[in-house]
């Protein structure tokens with residue numbers, strides 16, 4: 001297990017910060033550190049800790065990196081003059097990375113603990129550049145640091161941050177911040193983490209035991225905004241709308257923080273190392289203070305959104321024509337039949353010469369039908385890859401406009417838009433080919449084969465597919481037994497989504513009520529402390545000019 005005591009905030013020699021972030025739980029009487037309670041009372045002012053992760057962890061946080069907040073090498077460096085509250089020092093992060101490297105070498109990988117197959121993880125890794133730790137996303141010869149990773153609570157309040165000092169965004173940054181967060185929480189506290197590549201991080205932690213005994217207290221998921229880049233098996237296991245405990249948290253609060261820091265990007269590009277850290281630290285703290293002041297408005301918006309989601313979930317369940325119990329059973333079937341197993345069997349179709357021997361369920365099926373079935377499968381994989389690529393292009397434009405990326409400029413923007421049109425036309429041609437294969441399958445189809453026909457794709461509904469879109473489904477189902485209703489009926493699939501959404505709404509309702517109680521409790525404690533301080537100052541005669549302690 002990594003040593004949690006190694007992780008500390010830079011400048012911890014300061015007595016005030018040592019008290020704020022102290023790891024002595026006895027001194028804190030089983031509560032969070034003063035720093036966390038001051039940053040977000042809605043999350044950290046609670047008194048009861050240790051809820052089961054699958055029933056809703058005590059706190060939910062999200063992590064994200066920003067490569068635009070990098071700094072040119074070769075600038076003038078002054079001596080350290082500022083002790084940041086939020087930033088973790090690079091030395092501490094590097095020490096965590098060394099411990100992780102030792103664990104990978106000394107500890108045998110526990111493959112039985114993995115939630116996903118290697119094939120599904122590899123496909124997710126190809127969709128996200130950040131998942132490749134060795135990828136050179138930024139030229140480290142020109143920049144140091146090469147970016148910033150931030151950890152926020154679900155109210156978009158920055159809690160911790162650290163500089164990226166490697167060309168790729170390695171897992172050590174998020175692990176180091178998680179260890180620091182655990183250090184400032186009670187030992188029984190449970191944490192939910194949302195991260196763009198949460199599936200990869202959770203897989204590594206389970207494989208090598210990065211978090212040691214603390215791993216059962218942490219549940220991980222993938223941020224909602226980039227869910228389209230993940231495989232279906234990953235969606236079932238890590239999408240926060242499908243995994244218990246996350247409520248309606250989306251894990252995208254970092255985008256709002258990056259939007260507020262976009263003006264600092266050109267200013268800090270050539271700034272002194274310590275001035276840059278001071279500016280970012282104070283900017284993050286200012287963002288947190290702004291969000292804390294607006295918590296009342298945030299709660300009001302969330303309760304309105306909750307009502308809309310409840311209405312939508314009820315409509316989806318009603319349109320499915322199935323009861324809640326039947327939809328729960330269909331969801332269990334989704335979980336029990338991982339998409340990776342279907343992909344593996346589909347790959348074997350291209351390598352096995354004797355299909356009937358390899359797949360007894362295809363005995364008696366016409367060769368013409370199997371021919372178009374395999375063509376449809378290959379075309380659908382091609383379309384899925386293209387759709388993900390289109391969404392990454394649009395996300396690049398949107399994040400640049402919102403501040404998550406630096407402004408693209410008219411020339412580069414026009415290049416993206418000019419290329420997007422021809423590429424989308426090619427995708428539409430592939431969709432037409434795929435739908436043509438479905439037409440051929442319908443001509444040669446025999447219901448006695450017990451094989452569900454794949455659904456056609458509508459180009460108008462593919463610009464922003466949901467996580468339950470049949471684009472993520474494979475084109476065939478093993479016919480040992482009749483396929484489940486969620487495979488053949490789109491209304492049932494949407495009904496399962498509605499059932500899951502209703503469960504997340506119930507979780508969100510309980511969390512919002514608990515967080516509102518936390519804010520009220522914190523406010524009463526602050527008010528009482530203020531009255532006690534006034535009373536002490538009033539009852540004590542102090543020399544002129546001496547402050548009341």
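Numbering (my numbering), first residue to last: 1 to 549.
Ideal placement from N, C-alpha and C gives every residue a C-beta, glycine not left out.
This one's a predicted model, so the numbers in the text were calculated from it and none came from an experiment.
Helix, strand or coil, according to DSSP, for residue 158 in the structure here? Locating residue 158 in the chain shown gives position 158, where the first residue counts as 1. If DSSP states are grouped into helix, strand and coil, residue 158 belongs with the strands.
Rounded separation between residue 115 and residue 323 - CA only: Taking the chain shown and counting its residues from 1, one reaches residue 115 at position 115. Taking the chain shown and counting its residues from 1, one reaches residue 323 at position 323. C-alpha separation (whole angstroms): 29 Å.
For residue 220, does the count of other Cβ atoms within 10 angstroms reach 16, so buried, or fall short, so exposed? Working through the chain shown from its first residue, we reach residue 220 at position 220. Counting Cβ neighbours within 10 Å, residue 220 comes out buried, since at least 16 surround it.
Just to confirm my understanding: we take residue 484, look at its own chain, exclude 5 residues before and 5 after, and list those with CB closer than 7 Å. What are they? As a working mapping, residue 484 is identified with position 484 in the chain shown. The beta carbon of residue 484 sits closer than 7 Å to the beta carbons of 330, 333 from its chain, once the five residues preceding and following it are set aside; these are given in chain order.
Using a Cβ-Cβ cut-off of 8 Å (strictly less than) and excluding sequence neighbours within five positions of residue 426, which residues of its own chain qualify? By 1-based counting over the chain shown, the position of residue 426 is 426. In its chain, beyond the 5 residues on either side, 386 have a beta carbon closer than 8 Å to the beta carbon of residue 426.
I'd like to check one pair, residue 295 with residue 372: are the Cβ atoms closer than 7 Å? For the purposes of this step, residue 372 is taken as residue 372 along the chain shown, with counting starting at 1. For the purposes of this step, residue 295 is taken as residue 295 along the chain shown, with counting starting at 1. No, Cβ-Cβ distance for residue 372 and residue 295 is not below 7 Å.
For residue 62, the nearest candidate out of 190, 198, 314, 36 (CA to CA): The residue labelled residue 62 in the question sits at position 62 within the chain shown. By alpha-carbon distance to residue 62, the top candidate from 190, 198, 314, 36 is 198.
Below 8 Å, how does it come out for the stretch 143-160 and the stretch 44-64: are there three or more Cβ pairs, yes or no? Yes, the stretch 143-160 touches the stretch 44-64.
For residue 218 and residue 193, believed in contact at Cβ under 8 Å, the rounded distance: Here residue 193 corresponds to residue number 193 of the chain shown, with the count starting at 1. Here residue 218 corresponds to residue number 218 of the chain shown, with the count starting at 1. By a beta-carbon distance limit of 8 Å, residue 193 contacts residue 218. Their separation comes to about 6 Å.
Any chance the CB of residue 32 is under 6 Å from a heavy atom of the ligand SAH? You won't find the ligand SAH in this model; it holds no ligand whatsoever.
Terminal residues of the continuous alpha helix (DSSP H) containing residue 512? As a working mapping, residue 512 is identified with position 512 in the chain shown. First-last of the alpha helix (DSSP H) with residue 512: 490-539.
Check whether the stretch 271-280 and the stretch 299-309 are in contact - that is, three or more C-beta pairs closer than 8 Å. The stretch 271-280 makes no contact with the stretch 299-309, as fewer than three CB pairs between them are under 8 Å.
Taking DSSP as the reference, what is the three-state secondary structure of residue 116? Counting from 1 along the chain shown, the entry for residue 116 is found at position 116. In the three-state DSSP reduction, residue 116 falls in the coil class, being neither helix nor strand.
Euclidean distance between Cα positions of residue 265 and residue 69: Translated into the one-based positions of the chain shown, residue 265 becomes position 265. Translated into the one-based positions of the chain shown, residue 69 becomes position 69. When rounded, the separation of the alpha-carbon atoms in residue 265 and residue 69 is 6 Å.
Distance between residue 207 and residue 222 (C-alpha atoms, nearest Å): Taking the first residue of the chain shown as 1, we reach residue 222 at position 222. Taking the first residue of the chain shown as 1, we reach residue 207 at position 207. About 18 Å.
Taking only three categories from DSSP, how would you classify residue 82? Walking along the chain shown from the start, residue 82 turns up at place 82. Correct three-state label for residue 82: coil.
Among 378, 283, 321, which has the Cα closest to the Cα of residue 430? Residue mapping note: residue 430 aligns to position 430 of the chain shown, counting from 1. Minimum Cα-Cα distance from residue 430 among the listed residues 378, 283, 321 corresponds to 378.
Is DSSP giving residue 324 helix, strand or coil here? The residue you call residue 324 lines up with position 324 of the chain shown. The three-state secondary structure of residue 324, taken from DSSP, is helix.
Counting Cβ pairs, one atom from each stretch, are 3 or more of them under 8 Å apart for the stretch 240-247 and the stretch 500-511? Yes: the two stretches touch, three or more of their Cβ pairs being nearer than 8 Å.
Assign residue 211 to one of three DSSP states: helix, strand, or coil. If you number the chain shown from 1, residue 211 lands on position 211. Residue 211 falls in the coil class under three-state DSSP.
Taking the DSSP output, what are the residues bridged to residue 376? The count along the chain shown starts at 1 and reaches residue 376 at position 376. Answer by DSSP bridge pairing: none, since residue 376 is not bridged.
Residue 72 by DSSP, collapsed to three states: which one? Counted from its first residue, the chain shown places residue 72 at position 72. Reduced to three states, the DSSP call for residue 72 is strand.
What is the residue span of the beta strand (DSSP E) that residue 281 lies within? If you number the chain shown from 1, residue 281 lands on position 281. Counting along the chain, residue 281 falls outside any beta strand (DSSP E), though it belongs to the alpha helix (DSSP H) covering 273-293.
What does the alpha-carbon distance come out to for the pair residue 150 and residue 224? The residue you call residue 150 lines up with position 150 of the chain shown. The residue you call residue 224 lines up with position 224 of the chain shown. Going from the Cα of residue 150 to the Cα of residue 224 covers about 17 Å.
Residue 515 and residue 188 look like a contact to me (Cβ under 8 Å); what is the Cβ gap, rounded to whole Å? Taking the chain shown and counting its residues from 1, one reaches residue 515 at position 515. Taking the chain shown and counting its residues from 1, one reaches residue 188 at position 188. So it is not a contact: roughly 19 Å between Cβ atoms.
Verify whether the separation of the beta carbon atoms of residue 276 and residue 71 is less than 7 Å. Numbered from its first residue, the chain shown carries residue 276 at position 276. Numbered from its first residue, the chain shown carries residue 71 at position 71. Yes; because the gap between Cβ atoms is below 7 Å, this pair is in contact.
Buried or exposed for residue 202, going by 16 or more other Cβ atoms inside 10 Å? As a working note, residue 202 is residue 202 in the chain shown. Around the beta carbon of residue 202, 16 or more other beta carbons lie within 10 angstroms, which makes this residue buried.
From residue 26 to residue 190, what does the alpha carbon distance come to, in whole angstroms? Here residue 26 refers to the residue found at position 26 when the chain shown is read from its first residue. Here residue 190 refers to the residue found at position 190 when the chain shown is read from its first residue. Summary for residue 26: the model assigns pLDDT 46, below 50, so the residue's position carries little reliability; its value from the coordinates is reported in the next sentence. Residue 26 and residue 190: Cα-Cα distance of roughly 18 Å.
With DSSP as the reference, label residue 110 as helix, strand or coil. Reading the chain shown from its first residue, position 110 is the one you call residue 110. Three-state DSSP puts residue 110 in coil, outside helix and strand.
Nearest-angstrom Cα separation, counted from residue 239 out to residue 186: Residue 186 sits at position 186 when you count from the first residue of the chain shown. Residue 239 sits at position 239 when you count from the first residue of the chain shown. Rounded to whole angstroms, residue 186 and residue 239 show a C-alpha spacing of 27 Å.
Any idea which residues DSSP pairs residue 220 with across the strands? The residue given as residue 220 occupies position 220 in the chain shown. For residue 220, which the question treats as bridged, DSSP gives the partners 193.
Taking DSSP as the reference, what is the three-state secondary structure of residue 65? Reading the chain shown from its first residue, position 65 is the one you call residue 65. Note: residue 65 maps to strand in three-state DSSP.
Compute the Euclidean distance between the alpha carbons of residue 166 and residue 79, then round it to the nearest angstrom. Counted from its first residue, the chain shown places residue 166 at position 166. Counted from its first residue, the chain shown places residue 79 at position 79. Their Cα atoms are separated by approximately 23 Å.
Out of 85, 253, 139, 96, which one is the CA nearest neighbour of residue 33? For the purposes of this step, residue 33 is taken as residue 33 along the chain shown, with counting starting at 1. Selected option, being the one with the closest Cα: 85.
Please report the distance separating the alpha-carbon of residue 13 from that of residue 91. Taking the chain shown and counting its residues from 1, the one referred to as residue 13 is at position 13. Taking the chain shown and counting its residues from 1, the one referred to as residue 91 is at position 91. For residue 13, the predicted model reports a pLDDT of 40, less than 50, meaning its position is unreliable; a value from the coordinates is still stated below. Rounded to the nearest angstrom, the two C-alpha atoms are 15 Å apart.
Please state whether the Cβ-Cβ distance between residue 38 and residue 45 is less than 7 Å. For the purposes of this step, residue 38 is taken as residue 38 along the chain shown, with counting starting at 1. For the purposes of this step, residue 45 is taken as residue 45 along the chain shown, with counting starting at 1. Result no, Cβ atoms of residue 38 and residue 45 do not sit closer than 7 Å.
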